[in-house]
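Shown next, in structure tokens, is the structure this report addresses.
Have a look at this one:
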């Protein structure tokens, strides 16, 4: 497993001096459900980059497995329903914006027939 870290030898949240390590910590907290402070506290000062890399890889794997599982549960009917309501909302908003624009320009069109 390869991920660029550094030669400092300690895990710290430090974008300037340890961007690779900090990136792993950020991935770790964003996908683990833990808050940033908890992840930083758990890893700061740790001397083993390998453990951080393995833990982050495990967290990414768990996240992707969960995402794939949730995606598999979505039906075509659910997708069509979301698309339909999205289209309805977009059309309503577009008509409102168009009406404001027409009024601003002094144009008078009847949008009820559109």
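In this note's numbering, the protein residues as written are 139 to 252. Idealized CB from N, CA, C, for every residue including glycine.
Checklist entry - So, are the CB atoms of residue 148 and residue 185 less than 8 Å apart? => result yes
Checklist entry - Closer than 7 Å: is that where the CB of residue 188 sits relative to any heavy atom of the ligand ATP? => result Looking at this structure, you won't find the ligand ATP or any other ligand, since it has none at all.
Checklist entry - Which same chain residues, not among the five before or five after residue 246, have their C-beta less than 8 Å away from its C-beta? => result 240
Item to check | residue 194, buried or exposed, once every other Cβ within 10 Å from all chains shown has been counted against 16 | outcome: buried
Item to check | Straight-line Cα distance separating residue 162 from residue 207 | outcome: 24 Å
Checklist entry - Which class does residue 182 belong to by DSSP, given the choice of helix, strand or coil? => result coil
Checklist entry - Quick one, which of 168, 227 and 181 has its alpha-carbon nearest residue 152's? => result 181
Checklist entry - For residue 204, does the three-state DSSP call read helix, strand or coil? => result helix
Next on the checklist: Let's see if you can read the secondary structure: which residues bound the alpha helix (DSSP H) around residue 230?
Outcome noted: 214-243
Checklist entry - Using the beta-carbon count (16 or more within 10 Å), is residue 190 buried or exposed? => result buried
Item to check | Rounded separation between residue 224 and residue 204 - CA only | outcome: 26 Å
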